[in-house]
Amino acid sequence: MKTIFKAVALCAALGFVSASGTAMAADADAYPSKPIRLIVPYPAGGGTDTVARALSAKLQASMRQPVIVENRPGAGTMIGTDVVAKAKPDGYTIGLITDSHAINPSFSRKIPYDSQNDFTTVTQLLSVPFMLLAHPSVPANNMTELIAYAKANPGKLTFASLGPGSPHELAMEWLKKLAGIDVLIVPYKGVAPATVATLGGQTNLTFAGSSTGVAYIQSGKLKLLGVSTPKRLPDYPQVQAIDEVVPNFVVETWYGIAAPANLPPAIAGKLNQEIFAALASPEMKDLSKQLGFDIVGNTPAQMSQMIKAETQKWKTIIETTGAKVE
Numbered sequence: 002m003k004t005i006f007k008a009v010a011l012c013a014a015l016g017f018v019s020a021s022g023t024a025m026a027a028d029a030d031a032y033p034s035k036p037i038r039l040i041v042p043y044p045a046g047g048g049t050d051t052v053a054r055a056l057s058a059k060l061q062a063s064m065r066q067p068v069i070v071e072n073r074p075g076a077g078t079m080i081g082t083d084v085v086a087k088a089k090p091d092g093y094t095i096g097l098i099t100d101s102h103a104i105n106p107s108f109s110r111k112i113p114y115d116s117q118n119d120f121t122t123v124t125q126l127l128s129v130p131f132m133l134l135a136h137p138s139v140p141a142n143n144m145t146e147l148i149a150y151a152k153a154n155p156g157k158l159t160f161a162s163l164g165p166g167s168p169h170e171l172a173m174e175w176l177k178k179l180a181g182i183d184v185l186i187v188p189y190k191g192v193a194p195a196t197v198a199t200l201g202g203q204t205n206l207t208f209a210g211s212s213t214g215v216a217y218i219q220s221g222k223l224k225l226l227g228v229s230t231p232k233r234l235p236d237y238p239q240v241q242a243i244d245e246v247v248p249n250f251v252v253e254t255w256y257g258i259a260a261p262a263n264l265p266p267a268i269a270g271k272l273n274q275e276i277f278a279a280l281a282s283p284e285m286k287d288l289s290k291q292l293g294f295d296i297v298g299n300t301p302a303q304m305s306q307m308i309k310a311e312t313q314k315w316k317t318i319i320e321t322t323g324a325k326v327e
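The sequence shown begins at 2 in the working numbering and counts up one residue at a time.
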């Protein structure tokens, strides 16, 4: 995948230097003086965990303090994210957040925090395209053929989802709505069982991030029918963007770093700067190629605006598709 890295003039973009900022600057100079917790609201072993551990290794080396990854999965990422929201805003507890952070406000009535106001955004790490994967037995080799087959055979195709409220399931509901097709959604508890079901032919289709899908595509165990990005991927120029066949279908997952609300701006700026440098490292660039994600790296303000836009997008999708709110 082509790595996208947005070079920002950090100090100017963040605007953290002021005449009254001496004390905060001193705090930033002393930070960190003890280990930092990086909360990951997903189980160990997945793409989020892999990225978090690679990032923690780079930060640990540059900041000269342990950066400890803590996996706190459950409740659609809300358990781990709540730990971050309720932590002391001193820079020693930060969290990895994903598109679920933008989905939960519209999907869950039991969200224990305010996803906009209870956090300090630090930076978006990366974006990941969704790949629509099919078992080899599916009689379609691209999106045009798939939509035609689905319309001719309503209800015959099955889709393995990661469960209600997951971006994967909501993306399929959105695709069904926009394309006017009937596909049976079968919920599973996570990426691994959903992928295994499609590999074994128990289901016909699944959405997966590129970090999951590439190996199965290369081995021929699954077919890549379409990608969720606005344009075709450079590594798969022959594969249609779903938007080419189903206009307005664009969905990408993303990872970012957030901290509790009211984090001192100087510490937020230092974290941003350190993470920015880590993302530019050869190791992170190599990982992006291996897992098929695009490095972003932006300012706290840019990340905040991105989350607001994503929250509105997923709210529209949930309302338009009539997804059941839990």
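Heads up, the beta-carbon is just placed ideally off N, CA and C, and yes, glycines get one too.
Distance between residue j and residue i (C-alpha atoms, nearest Å)
i, j, result
"Asp-183", "Leu-206", "13 Å"
"Glu-311", "Gln-303", "12 Å"
"Ala-279", "Asn-143", "37 Å"
"Asn-118", "Ala-88", "14 Å"
"Leu-292", "Tyr-32", "32 Å"
"Pro-1", "Ala-153", "Not covered by the structure: residue 1. The range shown for the chain is 2 to 327."
"Ala-281", "Gly-181", "42 Å"
"Val-1", "Phe-208", "No statement about residue 1 is possible, as the shown extent of the chain runs from 2 to 327 and does not include it."
"Thr-321", "Val-68", "41 Å"
"Leu-133", "Lys-35", "43 Å"
"Thr-317", "Asp-100", "14 Å"
"Trp-315", "Pro-266", "29 Å"
"Ala-198", "Gly-227", "19 Å"
Classification of residue i by the beta-carbon crowding that lies within 10 angstroms, buried from 16 upward
i, result
"Val-326", "exposed"
"Gly-46", "exposed"
"Pro-130", "buried"
"Gly-16", "In this predicted model, Gly-16 has a pLDDT of only 45, less than 50, meaning its place in the structure is not dependable; the value taken from the coordinates is given anyway. Per the 10 Å Cβ criterion, exposed."
"Leu-185", "exposed"
"Gly-202", "exposed"
"Asp-30", "exposed"
"Gly-156", "exposed"
"Lys-224", "buried"
"Pro-248", "exposed"
"Asp-287", "exposed"
"Pro-42", "buried"
"Ser-19", "Low confidence applies here, because Ser-19 scores a pLDDT of 45, under 50, leaving its location unreliable; read the following figure in that light. Exposed, by the Cβ-count rule."
"Gln-125", "buried"
"Gln-219", "exposed"
"Arg-110", "exposed"
"Thr-23", "Unreliable positioning characterises Thr-23 in this predicted model, as indicated by a pLDDT of 48, which lies under 50. The coordinate reading is nonetheless provided below. Looking at its Cβ environment, which holds fewer than 16 other Cβ atoms inside 10 Å, Thr-23 is exposed."
"Asn-273", "buried"
In DSSP terms, what residue i is bridged to
i, result
"Trp-255", "Ser-128"
"Leu-134", "Thr-207, Leu-225"
"Ile-296", "Leu-127"
"Pro-301", "Bridge partners of Pro-301: none, in fact."
"Val-41", "Asn-72"
"Leu-97", "Ile-258"
Extent of the continuous alpha helix (DSSP H) run through residue i
i, result
"Ser-101", "101 to 108"
"Val-52", "48 to 64"
"Phe-277", "266 to 280"
"Pro-168", "168 to 180"
"Pro-283", "283 to 292"
"Val-240", "No alpha helix (DSSP H) contains Val-240, which DSSP labels as neither H nor E."
"Val-326", "No alpha helix (DSSP H) contains Val-326, which DSSP labels as neither H nor E."
"Leu-147", "144 to 153"
"Val-139", "No alpha helix (DSSP H) contains Val-139, which DSSP labels as neither H nor E."
"Pro-194", "192 to 200"
Span of the beta strand (DSSP E), counted from its first residue to its last, around residue i
i, result
"Asn-72", "68 to 72"
"Leu-225", "224 to 228"
"Gly-210", "206 to 210"
"Thr-159", "159 to 162"
"Val-187", "185 to 188"
"Ile-112", "Ile-112 -> no beta strand (DSSP E), and no H or E assigned at all."
Rounded Cβ spacing between residue i and residue j (contact assumed at less than 8 Å)
i, j, result
"Pro-188", "Ser-162", "5 Å"
"His-102", "Thr-78", "7 Å"
"Thr-82", "Gly-96", "6 Å"
"Ala-259", "Phe-108", "Not quite, the Cβ-Cβ distance comes to about 19 Å (not below 8 Å), so this is no contact."
Proximity test, Cβ basis, 7 Å: residue i and chain C
i, result
"Val-184", "The chain labelled as chain C is not found in the depicted structure, where only one protein chain is given."
Any non-hydrogen atom of the ligand ATP within 6 Å of residue i CB
i, result
"Lys-290", "What this structure holds is no ligand at all, so the ligand ATP is not there to describe."
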